[in-house]
Amino acid sequence: MLEIKGLKVQLEDEDKQILKGVDLKVEAGKVHAIMGPNGSGKSTLSYVLSGKDGYEVTEGSASLSGEDLLELDAEERAALGLFLAFQYPVEIPGVGNMTFLRTAVNAQRKARGEEEMSAKEFLQVVRAKAKTLKIDADMLKRPVNVGFSGGEKKRNEILQMAMLEPKMCILDETDSGLDVDAMKLVSEGVNALRDEGRGFLVITHYQRLLDHIKPDVVHIMADGRIIKTGGPELALEVEKNGYADILAEMA
Amino acid sequence: MAVPAQKLEATAARLDGMSLPVGGKWATEAREAALARVREMGLPARRDEYWKYTRPDTLTQADAPAAATFETGEAPLFDSFDRLKVVFVDGVFDPEQSDDLSGENLTIERFADVAAKDIHWAKELYGVLETNGQNPVERPLAALNTAFATDGIVIHATGKVSRPVNLIYRHKSETSDAILHHVIKLDEGAELTVMENGPAAARFNKSMEVDVADTAAFHHVRAQGRDHERRAVTHIFGRLGTESTFKSFTLTVNGRLTRNEAVLELTGDDAVAHVAGACLGDGDFHHDDTVFVTHDAVNCESRQVFKKVLRNGATGVFQGKILVQPGAQKTDGYQISQSLLLDEDSQFLAKPELEIYADDVACSHGSTSGAIDEDALFYLRARGVPKNIATDLLVLSFVAEAVDEIEDEALREEIITRLEGWLERHR
Ligand SMILES: Nc1ncnc2c1ncn2[C@@H]1O[C@H](COP(=O)(O)OP(=O)(O)O)[C@@H](O)[C@H]1O
Ligand SMILES: [Mg+2]
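Those protein sequence lines, which keep their order, are chains X and Z.
If you're matching positions, the first sequence starts at 1 in UniProt numbering and goes up one per residue.
If you're matching positions, the second sequence starts at 1 in UniProt numbering and goes up one per residue.
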């Protein structure tokens, strides 16, 4: 599904290399986790995949369902089925959450040549999905992420994911800033979307989230590279001993 | 300050070509006094401090520069509202297209008729609020309007007026040069909403004097749009009594030159005055909001909220002042003017001012110029919203604080629909 080969990325403005050759393949139906120290390039990878400006790919490739992602605009990647749950969801004053969601859903449908969702159908679907994430009517009406708590913002990301039904979901530290209850809600939201046709790439610092969202594969990223790949037990090892051992072992 | 002789000579030469309209006793007196004010002040000239950012020449010259009419193909604004329609074509009242001039808690008369009478209550206000508003800053084009206006509307609200009055300005002739002067009086406890829309004329000079008595509430929503070459200078003079409310919002799109002045005086305690505006400018567009709010009473609130979206070389100007007079304690004054510059060719010129002579007040002001928020743009695009639609959403987001000043939800939605329509046409 998602296939990244030898990806090297540097900043556009600065001569600074951040990703130094990343190889990764996420198959449909699987959950891959990426762990790694701060500053190792995890968010950068998620941004480059989803098409944010400011990065330059100097080598390598990335594709989704066989289509070259790097050739596409951010909105085209989204329509193709790529979704990034942001580490820091952006506040947009003056744009209602509902308006935003409906615009996004219908823009993607239009781009794929599908019929747009009617206002009525949309309302029904969004209400049902919001309810399971404990997002109330007020949050749906408010401007996008404005005045939302950290937990509310993350739940809102999952709601967007549920509405857009992407093929490939990247979650960037969706667990950070969540208390135990919010973590449970978010994880249930993610697990409800687990499906044979859908892949997940879950970026996290903590084993905690992976107790709820059970990964098939765990990668450790450090200094712009994936330095180790293993099963769920790798996350437990990190939890117990930190990254020091792994880093030392690879050095 | 002495007025340069050259300026007075130019003004005299310009006025020599004009003759005062014929009218009844009170109107003739008011017009003659206004003409004397114009002669004394001189018409605005390029060197004037108050016209530093906006060139007045096309507003003062003898002939109006031509302006073609432009049809957007949209349904007329406020079409679905239950309102009393008052239509002016190239600055002349059109009884055929207008509704019957009557309403509950309302007397409404054509200014041409009022001006023909020997006495009329409008005398208390016509040119009076304008004269008050000439100090400390002169507004000669408003005095010119008082001297030469022959048409307009005179409204007296005696209670709650449930049906809003909609002043509709049609533009037919490519060289029309229109002057309209409205007088609006709200009695104690009265409530009135006035909407204005339409391009009006090739050149339009409009004044509106509004007297809001104690506990009365005046709401004003205006849309200036359509014709690309039209020019307008407008003045609103408002006087607010105790516990009264005055709220005005203006949307401006298109037009080569627009200068909107609002001069408000809070004379009674606990009064509330809000003036807000949003403009969208693309290309050869110059938009100037000049606002002067004077606090002359205790515990009043005033807000000025102006948002300008500019691209392809458009220019936005904001000159806004809050003056807090001695004794106007507990004043709550807020002023914000912001521009969203969609490219590097566009510019925003702002002169925000506070002048405070009382010690127990809370006043804040801010002025910013910025580009589209790239993080927000990426967030929207990452959700599949194409760049042009995402930009439109962010433009709407930017102007929201001003549009939210419109209290009535239906009117607010109507204005937002217009904004969306304009954005769609300018993608
Ligand atoms: N736009 C940027 N400008 C400057 N430095 C950046 C930028 N984006 C990322 N970096 C740098 O790249 C490195 C990786 O950052 P990031 O991808 O956020 O790491 P992680 O998500 O793993 O914590 C860090 O050293 C960070 O400072
Ligand atoms: Mg990160």
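Heads up, the beta-carbon is just placed ideally off N, CA and C, and yes, glycines get one too.
Everything numeric in this text was worked out from a predicted model, so none of it was measured.
For glutamine 338 of chain Z, the secondary structure class from DSSP, reduced to helix, strand or coil, is strand. Close to alanine 62 of chain Z, with beta-carbon spacing below 8 Å, lies no residue of chain X; the smallest spacing is near 44 Å. Residues of the segment 62-94 of chain X with a C-beta atom less than 9 Å from some C-beta of chain Z are Asp73, Ala74, Glu75, Glu76, Arg77, Ala78, Ala79, Leu82, Phe83, Leu84, Phe86, Tyr88, Pro89, Val90, Glu91, Ile92, Pro93 and Gly94, listed in chain order. Residue state for valine 137 of chain Z is assigned as coil, using DSSP reduced to three classes.
Residue pairing of glutamate 355 of chain Z in beta bridges, as defined by DSSP: Z/Leu323. For the options Z/Glu196, Z/Glu32, Z/Ala178 and Z/Arg14, the alpha carbon positioned closest to that of proline 76 of chain Z is the one of Z/Glu196.
Cα atoms of aspartate 68 of chain X and alanine 362 of chain Z: separation of roughly 57 Å, rounded to the nearest angstrom. The bridge partners DSSP lists for glutamate 49 of chain Z come to none.
DSSP places phenylalanine 318 of chain Z in the strand class (E or B) of the three-state scheme. Secondary structure of asparagine 312 of chain Z (DSSP, three-state): coil.
Separation of cysteine 169 of chain X and leucine 210 of chain X (C-alpha to C-alpha, rounded to the nearest whole angstrom) is 15 Å.
Under the three-pair Cβ rule at 8 Å, the segment 22-42 of chain X does not count as touching the segment 340-347 of chain Z. With contacts defined by Cβ atoms closer than 8 Å, threonine 54 of chain Z and aspartate 288 of chain Z form a contacting pair. Contact annotation, leucine 251 of chain Z with valine 165 of chain Z: C-beta distance approximately 18 Å; criterion of less than 8 Å not satisfied. Put simply, of Z/Gly316, Z/Lys321 and Z/Gly313 the residue whose alpha carbon is nearest the alpha carbon of arginine 303 of chain Z is Z/Lys321. Under the three-state reduction of DSSP output, tyrosine 55 of chain X falls in the strand class. Using a Cβ-Cβ cut-off of 7 Å, serine 50 of chain X is close to Ala382 of chain Z, given in chain order. A contact between stretches requires three or more CB pairs, one per stretch, nearer than 8 Å, and the segment 31-49 of chain Z fails this requirement with the segment 370-385 of chain Z.
From the beta-carbon of alanine 137 of chain X, no residue of chain Z is found nearer than 7 Å; the closest lies around 17 Å away. With a 10 Å radius around the Cβ and a threshold of 16 neighbouring Cβ atoms, tyrosine 357 of chain Z comes out exposed. Counting the other Cβ atoms within 10 Å of the Cβ of glycine 113 of chain X gives fewer than 16, which makes it exposed.
The C-alpha of glutamine 319 of chain Z lies about 6 Å from the C-alpha of proline 352 of chain Z. Separation of the CB atoms of valine 275 of chain Z and glutamate 401 of chain Z is rounded to 13 Å, and the pair is thereby denied contact status at 8 Å. Chain order gives the chain X residues near aspartate 375 of chain Z as Val90, where near means a beta carbon separation below 7 Å.
Residue range 150-164 is occupied by the alpha helix (DSSP H) that includes glycine 151 of chain X.
Contact with chain X is absent for leucine 192 of chain Z, since none of that chain's Cβ atoms lies less than 8 Å from the residue's Cβ.
When DSSP states are grouped into helix, strand and coil, phenylalanine 83 of chain X belongs to the strand group. For lysine 123 of chain Z, no CB of chain X lies under 8 Å from its own CB, so it is not counted at the interface with that chain. Taking a Cβ-Cβ cut-off of 9 Å, the neighbours of leucine 164 of chain X in chain Z comprise Arg383 and Gly384, given in sequence order.
Residue contact with chain X for lysine 387 of chain Z: present (Cβ-Cβ distance below 8 Å to some residue of chain X). Between the alpha carbons of aspartate 360 of chain Z and aspartate 296 of chain Z lies a gap of roughly 14 Å. Taking non-hydrogen atoms of ligand 2 into account, the C-beta of lysine 154 of chain X is found less than 7 Å away from none of them. Your pair alanine 28 of chain X and methionine 1 of chain X checks out as a contact, with CB atoms roughly 5 Å apart and the cut at 8 Å. By the rule that beta-carbons nearer than 8 Å mark a contact, leucine 423 of chain Z does not touch chain X. For lysine 20 of chain X, the uninterrupted beta strand (DSSP E) run begins and ends at 17-26, by DSSP. A direct Cα-to-Cα measurement between lysine 42 of chain X and glutamine 17 of chain X gives close to 13 Å.
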